[in-house]
Amino acid sequence: MQLIMNPGLLDEQVFELPEGAVTIGRTEESTICVLHKSLSRRHARLEREGERILLVDLNSKNGTFVNEARIERHELRGGEAFRCGEVRFKLVSSSVPLPVDLSPTQVQPLHTRFSPGSMDELLERHSEPGEGSALKVRHANRENRATDKLQVLLKVSQLLSSPGSIDALLERILDLVFQIMEVDRAAILLVDAASGRLVPRVARTASGEAPSGPFFSQRIVDYVRSHSVAALFSDARLDPRLDDAASVVLQSIQASMCAPLKPRDEVLGVLYVDNLSRPNGFSEEDLEFLTAFANQAAIALDNSLLSKRLEEEAVLRNVYLRFFPPATLKKLQMARGGPLETIETEVTVLFSDISGFTALSSTLEPRQVVDLLNDYFPVMADIVFRYEGTLEKYIGDALMAVWGAPFSHPDDADRAVRAAVEMQRALAELNARWRAQGRPELNIHVGLNTGRVAAGNIGSEQYVQYATIGDATNVASRVCSAARDGEICMNETTFQRWSAKEWPVQQLPPVQVKGKEKALTLYRLEWRDPSMTL
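FYI, UniProt numbering numbers position 493 of the sequence shown as 493, with every residue one higher than the one before it.
Spelled out as structure tokens, the structure:
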């Protein structure tokens, strides 16, 4: 009876399964020691009596599974597979012939210690690069060398798959370049989204020092990016592709290689390495390996960029859902980040406040106050969104909304006026319902003001607030304070911008407000007139 670990994979291992107990785990005491992070120290045990084999989980952290169902004890049949953590095994009868291409060296005795190995272990037998090659792989013969390179690339893929910041990933890529290849300098350049040009993101010499300035040939990196193909310049000074490339001479570049970082159709950047001491210091084998290495790096970089973009979009989506109606959200998604920039624009600001709320709150339990506001605010917010306004904030019992940012409409003032009227009418319906329930009723007073503001996202990455900053928002609060219970007041500019004039207004005597030397001209909207409709 045989046990195959990782069947069908490059690191497949075959173990003869004797009579008695065989343990699987990460400790040296385990019969089959597998150094994998998903395995417990003592993970599982196989008990064989003739053809009967019992699989027992040893209270492992990540579990033992048969047919993807977690088990504690399970009798295995020939050909049945199971999984310990993330490591897969398959039980086969000794009478089942092994595949033709399975060499005897792949059959391992028990007590074999298996690990993918560290990068140092994969390179540890190497002392000097092979003749004409910069690769530090262990073997010189062609067949074993190909296996070495494949194992190194598999390890590269594993090491670059760990989550982290983009900067940390770029540093990790260069660490691996210097560890695997004999190069004097290396750099990664990424395409800048704003300028469309290649911009150095990380660069280093073999001694670990950061160079004092750009050392790569701009002609080389531009050539590789524009042609979207890896290139080897055996003697960069004499290469006709680099005619008039002064940087090649000034930097004393003898040989260089450059590969595109291209996970799909788009080139994200390039990986550049060079040699200052030996012409023909790189071979076609090196270029082939660097190309494969750059592909692994590009996939890791693409995944990291995608992860970062998804995180940012999730944060912004949460922000946008709080502030903007669906129509605005759709425009923001199509705008690709433009509206995140601060803009200066004219807006109509609506400020609504609950009259006498402080006194009312003192007569209620805190939970009753919260329940009342949770009934009230969603109705008001829906009205703001119905007229495509931006719900900027709640301030205690007050609500502030704007029309004109991040996108403006010719009738922003009309929308704000209609929203204010609908808020008053919706509150009347809420009061009727609360009255029937024996709950307290509310009155609101609303102020409208039109003026110029700066609008955009403010705050940290963790907490973003869309805000309009300017005197117009302050004045809207003052206009609201000048309105009495159940009233809607607007300033002169709003009155002029309000083109529909669906409701009559009454001009009030000049009102002196805090922070303004000159008294304001205000208009009170007679919204209760039954002859007028929305």
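Think of the CB as a built atom: it goes at the ideal place given N, C-alpha and C, for glycine as much as any other residue. Computed from a predicted structure; not experimentally measured.
| Item | Value |
| --- | --- |
| Compute the Euclidean distance between the alpha carbons of residue 453 and residue 524, then round it to the nearest angstrom. | 24 Å |
| Pull up the distance between the alpha-carbon of residue 416 and that of residue 350, whole angstroms please. | 7 Å |
| Which residue or residues does DSSP assign as beta-bridge partners of residue 84? | 64, 87 |
| For residue 342, is the classification buried or exposed, using 16 other Cβ atoms within 10 angstroms of its Cβ as the cut-off for buried? | exposed |
| Any chance you could list the alpha helix (DSSP H) runs of at least 4 consecutive residues sitting entirely within the region 423–495, in chain order? | 471–482 |
| Measure the C-alpha to C-alpha separation of residue 188 and residue 283 and round it to an integer number of angstroms. | 21 Å |
| Alpha carbon to alpha carbon, how far is residue 443 from residue 413? Give it in angstroms, no decimals. | 23 Å |
| Can you tell me which residues form a DSSP beta bridge with residue 260? | 270 |
| Terminal residues of the continuous beta strand (DSSP E) containing residue 3? | 2–5 |
| With distances taken Cα to Cα, identify the nearest neighbour of residue 180 among 202, 290, 277. | 290 |
| Does the beta-carbon distance from residue 56 to residue 47 come in below 8 Å? | yes |
| So is residue 536 buried or exposed if we call it buried at 16+ other beta carbons inside 10 Å? | Lying outside 1 to 534, the shown extent of the chain, residue 536 is not represented and no answer is given. |
| Considering only C-alpha positions, which residue in the set 89, 518, 183 is nearest to residue 286? | 183 |
| Are three or more beta carbon pairs between the region 267–275 and the region 213–224 nearer than 8 Å? | yes |
| For the structure I just gave you, are there three or more beta carbon pairs, one from the region 364–382 and one from the region 434–450, closer than 8 Å? | yes |
| How is the beta strand (DSSP E) around residue 352 delimited, first residue to last? | 343–354 |
| From residue 296 to residue 312, what distance separates their C-alpha atoms? | 24 Å |
| Helix, strand or coil: how does DSSP classify residue 34 here? | strand |
| Excluding the 5 residues flanking residue 292 on each side, which residues of the same chain have their C-beta closer than 7 Å to its C-beta? | 153 |
| Classify residue 155: buried if its beta carbon has 16 or more other beta carbons within 10 angstroms, exposed otherwise. | buried |
| Using a Cβ-Cβ cut-off of 6 Å (strictly less than) and excluding sequence neighbours within five positions of residue 224, which residues of its own chain qualify? | 231, 258, 260, 270 |
| Assuming residue 527 and residue 498 form a contact by the criterion Cβ under 8 Å, report the distance between their Cβ atoms to the nearest whole angstrom. | Actually they are not in contact, since the Cβ atoms of residue 527 and residue 498 sit about 12 Å apart, beyond 8 Å. |
| Taking the beta carbon of residue 135 as the centre, do at least 16 other beta carbons fall within 10 Å, making it buried, or is it exposed? | buried |
| Can you give me the start and stop residues for the beta strand (DSSP E) that residue 57 sits inside? | 52–57 |
| Report all residues from its chain with a CB closer than 7 Å to the CB of residue 44; omit the five preceding and five following residues, and keep chain order. | 24, 55, 56, 57, 58, 60, 64, 84 |
| Quick check on DSSP: helix, strand or coil for residue 47? | strand |
| For residue 62, which residues in the same chain have their Cβ closer than 6 Å to its Cβ, ignoring the five residues on either side in sequence? | 38, 85 |
| Would you say residue 358 faces chain C, with C-beta separation under 8 Å as the test? | No chain C appears in this structure, which consists of one protein chain only. |
| Between residue 390 and residue 451, is the Cβ-Cβ spacing less than 8 Å? | no |
| Do you know whose CA, among 484, 406, 369, 456, lies nearest residue 447's CA? | 484 |
| With which residues is residue 74 paired in a DSSP beta bridge? | 55 |
| Identify which residue in 210, 233, 196, 203 has its Cα closest to the Cα of residue 226. | 196 |
| Is residue 16 helix, strand or coil by DSSP? | strand |
| What are the complete beta strand (DSSP E) segments, minimum 3 residues, inside the region 147–207? | 185–191, 198–205 |
| Which residue marks the beginning of the alpha helix (DSSP H) containing residue 390, and which one marks its end? | Where residue 390 is concerned, there is no enclosing alpha helix (DSSP H), although the beta strand (DSSP E) it sits in stretches over 390–395. |
| So, for residue 161: in the same chain, excluding its five sequence neighbours on each side, which residues have a beta-carbon less than 7 Å away from its beta-carbon? | 300 |
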